[in-house]
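Reviewing the structure listed below.
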Amino acid sequence: MRPEVGALVAAAVIFVFFLAVAPAFRSADAFVTVLYQSSTIGIVAVAVGMLMIGGEFDLSAGVIVTSAGLVNSMFCWYFGINLWVGAILSLLFCLAVGFLNGYLVMRTGIPSFLITLGTFFVLQGANLGVTKLVTGSVSSTDVSRIDGFGSLGAIFASSFAIGPVVVWGTVVWWILFVAVATWILRRTRGGNWIYAVGGAADSARAVGVPVVRTKIGLFLAVSFLGWFVGMHNLYRFNTLQAGGGVGNEFLYIIAAVVGGTLLTGGFGNALGVAIGAFIFGMTSLGIVYAGWDPNWFRAFLGVMLLLAVLVNLYVRRLATREARA
Amino acid sequence: MIEMTGIGKSYGPIRALRDIDLRVNAGEVTCVLGDNGAGKSTLIKIMSGLHPHTSGTMRVDGRETVFTSPRQALDLGIATVYQDLAVVPLMEVWRNFFLGSELTGGRFPLAGLRIRDMRRIADEELRKMGITVADIDQPIGTLSGGQRQCVAIARAVYFGARVLILDEPTAALGVRQSGVVLRYVAAARDQGIGVVFITHNPHHAYLVGDHFVVLKLGAMVLDARRGSVSLDRLTAEMAGGAELTELAEELRRPA
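Keeping their order, the protein sequence lines are chains F and C.
My numbering puts the last residue of the first sequence at 1036; the count rises by one with no breaks.
My numbering puts the last residue of the second sequence at 276; the count rises by one with no breaks.
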């Protein structure tokens, strides 16, 4: 049983459903918008999914996206430095946060849920507090006239046309990250270790798998992709709201779980997580295209999550049912 | 291969083990029997490098050794298969087989795994030992407890174990599954591996053992080769020996 099968069926059903009820959904334009929406969640969700396969959570993944953009923009604005310096600084900052998360979890043995809940609140508060100190308001200043904006924008926030529709570069990045994650998970030693530390950490340690290194690496991956999307947001919108990103950590987790990742670790794959993010993109926009009250979106996601958890439970039973000797 | 003389282990003032003499020879099964708390696990820990011994001498291949880490023991070809720390249930059989020692196409971090080779080798090694799994790609959790134990043992053998320490491999298994594991222990012995078989089941021990050591409260109470001890004697020693006879007298009931 492959982990993404349930999500694939659900995605197909939802797709057909919105095609039927929302006329505005039936265009190439709408489709690439859905893809863009999915990619903004999907990129971080890839890493969150891998982390969950490795048996850990990261609740700070939502706000770190905003922190990444804020560090870059305010540092460069305040000191009047090329944005590249700030981007690299921001990357180091995010990796440091990821490392801290992983190190604390491994060192103390406290569940990652609690540790990252802590960093989540610290970052959320610091995002607002520092932004207010630096700019005097709760949004960062416009960075579009600082050196380096053009080249960074080309990397993180460009778009290109395919025929009549305009596709955002993040969609391509998303596909690329999913492909790399799939390679890592299924075809490398590191991937083997990720499944092992999530499935049975003690057994893994007993056969020589470096459990601590593997898990810290996963936290670093989450903060790296969080940084990446933070860069996209900054160079697409020029300014950022300091309170942004809160709540997205749950969207990443939902995308991973809907995509067949087990909450308890050891099972899942990158393609499933991508489909989970695509379901998120379809419903968040489909509801708008259908002309319904967008507030229903979260209720819908909740239902999807519950269904996915039930399917996962069933899959796990199927996969571990002991055969007769 | 391993020769222990007068081995003892104290945890502070507590003597967990004293005066143990034990030899592990290639191609033989040495059974260590004992009740809970008899010192079996302490003995394993000394041999597998988890704890150093505090008295006596241990020679590996004739050289006096005190292990300070499991890695040292592994490097000398002494592998331990613990009852619970065997496998990752949701992972495929072949991935479990190679876990921690994967074959890769290069040394760089994202080098591809040699999946075809690993599947072939895992399948061959299991077949060699008489275990056929329907599908080498199935999650190992779908195998029976006995088969899982066998995969863990096959893995240790394949990765160069010369001495195999099995910690209660049949404890959680039914009769049939125990049979699978015992057959496998015999197969490993026939390959020339020195097996240390820890158990509290004298029947299982007698089926495959060449040499029997019974521990009780940290000391040896029986040390005999196969020819010089009967199953009844072994069972009696395990069950408590003289103590049990006394108990039987005390609890005697009219027929």
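Beta carbons are placed, not taken as given, at the ideal position from N, Cα and C, and that holds for glycine.
With fewer than 16 other Cβ atoms from the protein chains shown falling within 10 Å of its own Cβ, Leu-887/F counts as exposed.
Within the segment 906-939 of chain F, contact with chain C at the beta-carbon level (separation under 7 Å) is assigned to Tyr-906, Ala-907, Gly-910, Ala-911, Asp-913, Ser-914, Ala-915, Ala-917, Val-918, Gly-919 and Val-920. With fewer than 16 other beta carbons inside 10 angstroms of its own, Phe-824/F counts as exposed. Straight through space, the alpha carbons of Phe-88/C and Asp-138/C are spaced by roughly 34 Å. Across the structure, Gly-765/F and Thr-266/C are spaced so that their CA atoms are roughly 54 Å apart. Within the model, the alpha-carbon separation for Ala-182/C versus Ala-912/F is close to 23 Å.
Around the beta carbon of Val-216/C, a 10 Å sphere encloses 16 or more other beta carbons of the protein chains shown; the residue is thus reported as buried.
For Glu-85/C, the closest of Glu-113/C, Cys-171/C and Met-22/C by C-alpha to C-alpha distance is Met-22/C.
Look at Thr-899/F: its C-beta is under 9 Å from a C-beta on chain C.
Within the segment 121-134 of chain C, Gly-121, Ser-122, Glu-123, Thr-125, Pro-130, Leu-131, Ala-132, Gly-133 and Leu-134 place their CB atoms closer than 8 Å to a CB of chain F, listed in sequence order. About 5 Å separates the beta carbons of Val-920/F and Gly-121/C, which is inside the 8 Å limit, making them a contact pair. In this structure, Thr-950/F sits away from Ser-862/F, with a CB-CB distance that is not shorter than 9 Å. When the alpha-carbon of Gly-909/F is set against those of Pro-734/F, Gly-760/F and Ser-749/F, the nearest one is in Gly-760/F. The C-beta of Gly-977/F comes closer than 9 Å to at least one C-beta of chain C.
Judged by DSSP secondary structure, Val-50/C falls within the beta strand (DSSP E) whose first and last residues are 50-55. Annotation: Val-757/F to Val-1014/F spans about 22 Å, alpha carbon to alpha carbon. At a cut-off of 4 residues, the continuous stretches assigned as alpha helix (DSSP H) that sit fully inside the segment 959-1007 of chain F are 959-969 and 981-1000. Look at His-232/C here: in three-state DSSP terms it is strand. Ranked by Cα distance from Gln-198/C, the options Glu-146/C, Leu-147/C, His-225/C and Ala-257/C are led by His-225/C. The Cβ neighbour count for Gly-791/F, taken over all protein chains shown within 10 Å, is under 16; the residue is labelled exposed. With a threshold of 9 Å between beta carbons, Leu-973/F makes contact with chain C. With contacts defined by Cβ atoms closer than 9 Å, Phe-728/F and Leu-996/F do not form a contacting pair. In the DSSP assignment, Lys-237/C forms a beta bridge with Ala-240/C. In the structure shown, Phe-810/F adopts helical secondary structure according to DSSP, grouped into three states. For Trp-894/F, the neighbours in chain C by C-beta distance under 9 Å run, in chain order, Leu-131 and Gly-133. Fully contained in the segment 784-840 of chain F are the following alpha helix (DSSP H) runs of length 4 or more, in chain order: 794-819. A contact between stretches requires three or more CB pairs, one per stretch, nearer than 8 Å, and the segment 188-198 of chain C fails this requirement with the segment 149-162 of chain C. Excluding sequence positions up to five before and after Ile-895/F, its CB lies within less than 7 Å of the CB of Gly-901 and Gly-902, all in the same chain and listed in chain order. When only Cα atoms are considered, Leu-803/F and Phe-935/F end up about 9 Å apart. Per the coordinates, the alpha-carbon of Ala-132/C lies some 50 Å from the alpha-carbon of Ile-35/C. Taking a Cβ-Cβ threshold of 9 Å, the residues of chain C close to Asn-903/F are Met-112, Arg-116, Phe-119, Leu-120, Gly-121, Glu-123 and Leu-134, in chain order. Remark: C-beta atoms of Gly-60/C and Gly-239/C approach each other more closely than 9 Å. Within the DSSP secondary-structure output, Gly-215/C pairs in a beta bridge with Val-184/C. DSSP places Ala-226/C within a helical segment (H, G or I) once states are collapsed to three. A contact is defined here as three or more CB-CB pairs under 8 Å, and the segment 153-160 of chain C meets this definition with respect to the segment 107-116 of chain C.
DSSP places Gly-902/F in the helix class (H, G or I) of the three-state scheme.
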